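First comes the structure, then the notes that go with it.
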Amino acid sequence: MKSVKVTYTVKSSFVEQNKANINVFINELKESGNADVRYSIYLGEDGRTFTHISLYSTETAQEQFLDMESFKAFQQQRDESGLEAEPSIEVLNFVAGV
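As numbered in this note's numbering, residues 655 to 752 make up the sequence shown, in order.
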């Protein structure tokens, strides 16, 4: 399983739009019924820093997710919004869990 953590900070004026864009791709993912992708998004205490945690059971599942039009649109709008902190991408190695 591959796990990826992405953290970035948007301007205050873009927070609500970013949440709306996130909901679009999350709803598409839910509707797809793809059990090979687990995805969670958190908002930090500052109200502007988003952290995305994604888990992919296969490389193909990750590729299919990254190819979703709604996810591409989310990324484009996020990147064009004038980010305060660019996305930091970290691949995580699973150690233990329940």
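Even for Gly, the Cβ is constructed at its ideal location relative to N, Cα and C.
Keep in mind that this is a model prediction, so the values were computed, not measured.
### Message
Taking its Cβ as the centre, do 16 or more other Cβ atoms sit within 10 Å of T714, making it buried, or is it exposed?
### Response
Residue numbering aside, residue 714 sits at position 60 when the sequence shown is read from its first letter. It is exposed - the Cβ of T714 has fewer than 16 other Cβ atoms within 10 Å.
### Message
Quick test of your reading: M655 and Y710, contact by CB under 8 Å. State the CB separation rounded to the nearest angstrom.
### Response
Here residue 655 refers to the residue found at position 1 of the sequence shown. Here residue 710 refers to the residue found at position 56 of the sequence shown. That belief holds up - the Cβ atoms of M655 and Y710 are roughly 7 Å apart, short of 8 Å.
### Query
For F704, which of helix, strand or coil comes out of DSSP?
Locating residue 704 in the sequence shown gives position 50, counting from the first residue. F704: strand per DSSP, three-state reduction.
### Query
Should the stretch 739-752 be called in touch with the stretch 683-700, which here means at least 3 C-beta pairs below 8 Å?
no
### In chain order, each alpha helix (DSSP H) run of at least 4 residues that lies wholly inside the stretch 694-748
713-720 and 723-734
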